[in-house]
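Here's the structure we're looking at; comments come further down.
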Amino acid sequence: VNAMSREYVLKQILYGIKDQYDAVIIDCMPSLGMITINALAASDEVLIPVEASYLPIKGLQQLLKTIGKVRKQINPKLQVGGILFTMVDAHTNDARNNMELLRNVYGSQIHIFDNYIPFSVRMKEAVREGQSIFSYDPKGKATEAYRRVTEEVLKDAI
């Protein structure tokens with residue numbers, strides 16, 4: 001792949017199969033490397049998971065700048081579908097304050113999901129065991145939170 005087209009590799013791969021699916025979800029690591037750039041280049045919409053604490057919120061600012069650059073230079077149809085709070089410890093003032101801060105700063109520009117994913121030891125265990133939270137802890141709080149978020153995402157998509 002030449003250097004000029006490396007950000008389009010995933011888009012080219014998905015182009016060949018896009019008619020077989022209603023939607024394709026691409027889950028990226030929290031970095032701004034070439035894989036993430038490829039995902040943004042290939043996407044119509046990006047949902048941004050953000051932990052409700054200081055450093056991830058700072059990272060959100062950088063991600064939004066990157067999304068703006070991708071929109072300007074590579075993929076003009078890319079839209080931010082929303083911000084989803086994850087690993088939220090709702091018992092702490094810090095998490096609640098950070099969620100409120102993001103709602104105040106970005107809420108008029110970007111959809112912020114009503115539902116959030118709570119911090120869950122069971123979720124960490126599921127990841128370690130290589131299982132989805134749905135199979136590892138089918139009746140747990142994190143599982144129920146993911147169901148609610150899924151319903152909210154699908155409702156917004158319709």
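Note that full-length UniProt numbering has the sequence shown beginning at 1, numbered continuously upward.
No residue lacks a Cβ here, since even glycine has one placed at the ideal position from N, Cα and C.
Because the structure is a prediction, the values reported are computed rather than measured.
Environment of residue i [buried if 16+ CB atoms lie within 10 Å]
i: I25; result: exposed
i: S5; result: exposed
i: A157; result: exposed
i: L60; result: buried
i: T36; result: buried
i: E151; result: exposed
i: M34; result: exposed
i: N75; result: buried
i: E125; result: exposed
i: N98; result: buried
Coil, strand or helix - residue i by DSSP
i: I83; result: strand
i: L47; result: strand
i: P138; result: coil
i: V9; result: helix
i: I133; result: helix
i: P56; result: helix
i: I35; result: helix
i: I67; result: helix
i: V153; result: helix
i: V88; result: strand
Straight-line Cα distance separating residue j from residue i
i: E45; j: A142; result: 24 Å
i: L84; j: A95; result: 13 Å
i: A39; j: K11; result: 8 Å
i: V121; j: D137; result: 11 Å
i: K77; j: I67; result: 11 Å
i: T92; j: V9; result: 42 Å
i: V127; j: D114; result: 25 Å
i: Y106; j: E144; result: 26 Å
i: Q131; j: P49; result: 20 Å
i: V80; j: E129; result: 32 Å
i: L32; j: L47; result: 15 Å
Whole-number beta carbon distance between residue j and residue i, since they are thought to touch under 8 Å
i: M87; j: E51; result: 5 Å
i: D89; j: F134; result: Going by Cβ atoms, the distance from D89 to F134 rounds to 22 Å, so no, they are not a contact pair.
i: L14; j: A42; result: 5 Å
i: I117; j: Y146; result: 7 Å
i: I110; j: G82; result: 7 Å
Any non-hydrogen atom of the ligand GTP within 6 Å of residue i CB
i: K69; result: Within the structure as shown, the ligand GTP is missing, as the structure has no ligands at all.
**Asked** Three or more C-beta pairs closer than 8 Å, one from the segment 66–79 and one from the segment 89–103: is that the case here?
**Response** no
**Prompt:** Are there three or more Cβ pairs, one per stretch, closer than 8 Å when the segment 11–23 is compared with the segment 53–66?
**Reply:** no
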